[in-house]
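Counting from 297, one number per residue, gives the positions in the sequence shown under this note's numbering. For every residue, glycine included, the Cβ atom is placed at its ideal position computed from N, Cα and C.
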Amino acid sequence: MHLAAAALGVPLALFTHRETGELHPRTPELVERVADRVEQGGIDAWFDLDARVLLGDEADAYEKVPDIMDVWVDSGVSHHCVTKLRPEVLNPADLYLEGSDQHRGWFHSSLLTSVAQKGTRRTGPCSRMASRLDEKGHKMSKSLGNTLSPQKLVSTLAPTCCACGSPRPTTPTRSPSRTRS
């Protein structure tokens, strides 16, 4: 597996002419064929693909582009992709919920790609999720290894309302929240 490329972004499944640098004239068709292969065999289907499989005798005149899509652009357009695939998801979204470590990441890239695509942001307010602390008062983090399983976390919070620690209401209520546009 090509971990470095897979971890940093989605490969650009393109072939360029070795002399002119021009994209292959059948690029849209080739991208679809590569997408079918990736859907069946995972991302390594692109990296392991011999260009001759798709290009035949033309393969010597073309090279596979080694570049990847920037990971923040990749994640930033997820709002667009989800709403295209799932019509029940509102576009623009009513709320964008982010962890504290992602304001500069996913939220920012979603905002930039939305403005680039549509000229406007695609969400309502952005709300930051709270962090859970461990028994030593440190923020729980996968990288620190001090997290609880979702099942354990839910079982410890089940009798109370996550927002205020009060007994869970029996009917839905709205509580004020701190949001940011």
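Same chain, Cβ closer than 7 Å to residue i, five either side skipped, listed in chain order
i: residue 310; result: 319, 323, 361
i: residue 358; result: 311, 312, 313, 314, 320, 347, 351
i: residue 344; result: none
i: residue 332; result: none
Neighbourhood of residue i by C-beta distance below 6 Å, restricted to the same chain and skipping five residues each side
i: residue 406; result: 372, 375
i: residue 387; result: 379
CB-CB length for residue i against residue j, believed under 8 Å
i: residue 438; j: residue 429; result: Not quite, the Cβ-Cβ distance comes to about 15 Å (not below 8 Å), so this is no contact.
i: residue 368; j: residue 401; result: 7 Å
Status (buried if at least 16 other CB within 10 Å, exposed otherwise) for residue i
i: residue 444; result: exposed
i: residue 440; result: exposed
i: residue 326; result: buried
Same chain only: Cβ atoms within 8 Å of residue i, ignoring 5 sequence neighbours per side
i: residue 330; result: 309, 341, 342, 345, 350
Within the chosen definition, does the segment 342-352 reach the segment 320-332 through at least 3 CB pairs nearer than 8 Å?
-> yes
Are three or more beta carbon pairs between the segment 367-375 and the segment 322-338 nearer than 8 Å?
-> no
Kindly provide the ranges of any alpha helix (DSSP H) runs that are 4 or more residues long and lie completely inside the segment 353-416, ordered along the chain.
-> Those alpha helix (DSSP H) runs which fall completely within the segment 353-416 and span 4+ residues are 367-372, 374-381, 404-414.
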